[in-house]
Amino acid sequence: MTSPAQRVAYLDNAATTPLRPEVAEAMAPFGSARFGNPSGSHSLARDARLALEEAREVVAEALGAAPAEVVFTSGGTEADNLAILGTLGAQGPVESGGAVVCSAVEHAAVLEPCRAAAKGLARVNGVPPIEVREAPVDADGAVVVDALEELLGPEVLLVSVMLANNEVGTLQPLDEVAAVVRKHAPRAVLHTDAVQAAGWLDVAECALSADLVSVSAHKLGGPKGTGALVVRAPVAIEPILYGGGQERERRSGTHDVAGAVGLATALRAGGAGRESEGARVRDLRDRLADGLLKSLDCASESADRARVLPGHCHLRFAGVEQEELLMLLDQDGVAAAGGAACASGALEPSHVLRAMGVPPDEARSAVRFSLGHATTVEDVDHALAVVPGAVSRLLG
Ligand code: PLP
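Note that the working numbering numbers the sequence shown so that position 315 is 358, with each residue one more than the last.
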């Protein structure tokens with residue numbers, strides 16, 4: 044552990060980002076004076092409803108949707124689960140042979156509900172067992188569209204391909220995927236998990252070809268526990284949470300007004316300086332990657348830099364154990380990650396690297412440095428000062 048006074052270069056922005064100051068400011072009144080429940084009818088409630096609907100308009104515009112197409116959720120995980128289980132639930136009883144197609148590098152929030160549905164465990168609305176088909180990716184982690192095309196057919200109910208990968212940052216060819224889905228799987232709803240991409244790309248443009256789009260506020264300078272699913276008309280989904288039906292019967296639960304305002308403010312702030320911020324962070328990422336590749340012979344990049352998000356720097360250090368390196372880096376004030384942040388830690392080799400064809404021992408030497416809106420050149424230079432020494436110590 045680092046001591047509280049020690050400098051910490053936070054390079055784990057793909058796991059979560061610090062709150063943007065303007066987001067904290069915009070949210071503050073909803074934790075105090077403007078605390079009303081937007082489903083009520085008195086003036087405090089109406090005030091909250093106004094703020095919620097204003098936030099919805101901003102989120103809708105940022106995501107290229109109509110306000111009525113935005114469903115507020117408790118984050119990216121719920122948005123993904125709602126997309127998958129909600130779509131399957133809305134299909135009604137499927138005679139037999141229904142299938143879901145997703146890329147092999149989807150986040151667990153997509154893969155697990157697909158697998159649960161396949162096992163018949165997802166009994167929401169009587170979802171019947173379905174087959175899950177995983178499309179392979181190339182060595183950079185991008186889905187192979189020709190191979191995905193082979194998995195399509197009239198029995199496919201849902202296709203889910205993320206906009207950009209959370210571990211290596213690779214952008215996915217969503218428009219090409221959409222073209223083959225529309226051609227060969229006319230029944231399929233197309234979902235994209237834009238949770239990582241939304242901090243960097245114009246989702247309104249990049250995810251236009253998808254019917255369902257998931258985002259999460261805490262990956263883009265907003266609060267944790269808030270996200271949204273775009274459900275483009277006329278696509279229908281069944282809820283996975285039942286209750287008061289607050290989100291036009293697609294999701295129940297008292298609205299998190301502060302969270303919705305935080306998501307809207309974060310999306311607006313990110314959109315305002317997107318190009319210059321992307322270029323700034325890309326330069327910092329290149330400085331970090333180039334510096335480490337130059338000083339460490341054992342270092343290599345996991346994916347072609349031209350194909351990944353600006354903030355992702357995913358490196359492998361041959362002969363080094365990821366867990367040991369991350370511990371040393373933490374002691375020296377560098378916060379990085381082994382891959383996806385998940386409850387179990389990163390002891391299993393990542394499914395993303397496995398799908399990219401990386402052998403398990405190499406996969407265990409991988410570290411993800413992810414930069415974000417608050418990353419400075421000092422952070423990068425601190426990492427450049429610390430990482431080579433830590434790696435050398437481990438290599439003995
Ligand atoms: N999808 C992707 C690609 C992610 O990176 C994450 C978070 O790591 C999620 C979904 C889950 O989002 P949340 O943390 O808001 O539940």
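Every residue gets a Cβ at the ideal spot worked out from N, C-alpha and C, and that includes glycine.
Identify the continuous beta strand (DSSP E) that holds residue i and give its terminal residues.
{"i": "His394", "result": "Run containing His394: none in the beta strand (DSSP E); it sits in the alpha helix (DSSP H), 394-398."}
{"i": "Asp236", "result": "232-236"}
{"i": "Ser203", "result": "199-203"}
Can you give me the C-alpha to C-alpha distance between residue i and residue j, rounded to a whole angstrom?
{"i": "Ala417", "j": "Gly314", "result": "15 angstroms"}
{"i": "Arg317", "j": "Gly242", "result": "8 angstroms"}
{"i": "Ala103", "j": "Lys337", "result": "44 angstroms"}
{"i": "Asn209", "j": "Ala57", "result": "6 angstroms"}
{"i": "Asp55", "j": "Val204", "result": "23 angstroms"}
{"i": "Gly129", "j": "Arg294", "result": "10 angstroms"}
{"i": "Leu201", "j": "Arg436", "result": "48 angstroms"}
{"i": "Pro266", "j": "Val114", "result": "17 angstroms"}
{"i": "Val395", "j": "Ala240", "result": "17 angstroms"}
{"i": "Ser440", "j": "Ser86", "result": "Residue 440 cannot be examined here, being either before or after the span of the chain that is shown, 44 to 439."}
{"i": "Val324", "j": "Leu352", "result": "10 angstroms"}
{"i": "Pro64", "j": "Phe412", "result": "23 angstroms"}
{"i": "Arg348", "j": "Val148", "result": "18 angstroms"}
{"i": "Ser252", "j": "Arg50", "result": "43 angstroms"}
{"i": "Gly381", "j": "Glu367", "result": "10 angstroms"}
{"i": "Ile127", "j": "Ala161", "result": "11 angstroms"}
{"i": "Thr419", "j": "Ala98", "result": "30 angstroms"}
{"i": "Ala67", "j": "Val273", "result": "24 angstroms"}
{"i": "Lys262", "j": "Leu310", "result": "10 angstroms"}
{"i": "Ala185", "j": "Pro216", "result": "7 angstroms"}
{"i": "Gly321", "j": "Gly212", "result": "14 angstroms"}
{"i": "Gly270", "j": "Gly439", "result": "45 angstroms"}
{"i": "Gly74", "j": "Leu306", "result": "15 angstroms"}
{"i": "Leu62", "j": "Val238", "result": "16 angstroms"}
{"i": "Thr297", "j": "Leu125", "result": "17 angstroms"}
{"i": "Asp189", "j": "Glu421", "result": "43 angstroms"}
{"i": "Leu206", "j": "Gly334", "result": "28 angstroms"}
{"i": "Leu233", "j": "Ala221", "result": "7 angstroms"}
So what does DSSP say about residue i, is it helix, strand or coil?
{"i": "Ala178", "result": "strand"}
{"i": "Asp55", "result": "strand"}
{"i": "Ala389", "result": "Residue confidence is low: Ala389 scores 48 on pLDDT, short of 50, so the model does not pin down where it sits. Its coordinate-derived value is still stated next. If DSSP states are grouped into helix, strand and coil, Ala389 belongs with coil."}
{"i": "Phe73", "result": "helix"}
{"i": "Ala185", "result": "coil"}
{"i": "Arg294", "result": "coil"}
{"i": "Val144", "result": "strand"}
{"i": "Val363", "result": "coil"}
{"i": "Ala417", "result": "coil"}
{"i": "Ala207", "result": "strand"}
{"i": "Arg225", "result": "helix"}
{"i": "Leu62", "result": "coil"}
{"i": "Asp373", "result": "helix"}
{"i": "Ala384", "result": "For Ala384, the predicted structure reports a pLDDT of 46, less than 50, and the residue's modelled location is therefore unreliable. A value from the coordinates is still provided. DSSP places Ala384 in coil when its eight states are reduced to three."}
{"i": "Ala250", "result": "coil"}
{"i": "Asp218", "result": "helix"}
{"i": "Ala312", "result": "helix"}
{"i": "Val278", "result": "coil"}
{"i": "Lys262", "result": "helix"}
{"i": "Leu194", "result": "coil"}
{"i": "Gly268", "result": "coil"}
{"i": "Gly302", "result": "helix"}
{"i": "Leu368", "result": "helix"}
Please name the residue or residues paired with residue i in a DSSP beta bridge.
{"i": "Val273", "result": "Val113, Val256"}
{"i": "Glu344", "result": "Leu358"}
{"i": "Thr213", "result": "Val351"}
{"i": "Val153", "result": "None, per the DSSP bridge assignment."}
{"i": "Ala378", "result": "Tyr53"}
For the alpha helix (DSSP H) that contains residue i, what are its first and last residues?
{"i": "Ala433", "result": "420-438"}
{"i": "Arg325", "result": "317-338"}
{"i": "Ser86", "result": "86-106"}
{"i": "Ala409", "result": "From DSSP, Ala409 is part of no alpha helix (DSSP H) but of the beta strand (DSSP E) over 409-413."}
{"i": "Ile127", "result": "119-133"}
{"i": "Ala406", "result": "403-406"}
{"i": "Ala241", "result": "Neither: Ala241 is in no alpha helix (DSSP H) and is coded neither H nor E."}
Checklist entry - At a cut of 8 angstroms, does the segment 279-286 reach the segment 87-104 through at least three beta carbon pairs? => result No, the segment 279-286 is not in contact with the segment 87-104.
Checklist entry - Any chance the segment 257-264 sits against the segment 109-127, with 3 or more Cβ pairs inside 8 angstroms? => result Because the criterion of three Cβ pairs below 8 angstroms is met, the segment 257-264 and the segment 109-127 touch.
Checklist entry - Do three or more CB pairs link the segment 141-156 to the segment 366-380 at distances below 8 angstroms? => result Under the Cβ criterion (8 angstroms, minimum of three pairs), the segment 141-156 does not count as touching the segment 366-380.
Next on the checklist: Can you confirm whether the segment 357-364 touches the segment 400-408 when touching is taken to mean that 3 or more C-beta pairs between the two stretches lie within less than 8 angstroms?
Outcome noted: As far as the Cβ criterion goes, the segment 400-408 touches the segment 357-364, which means the pair count is three or higher.
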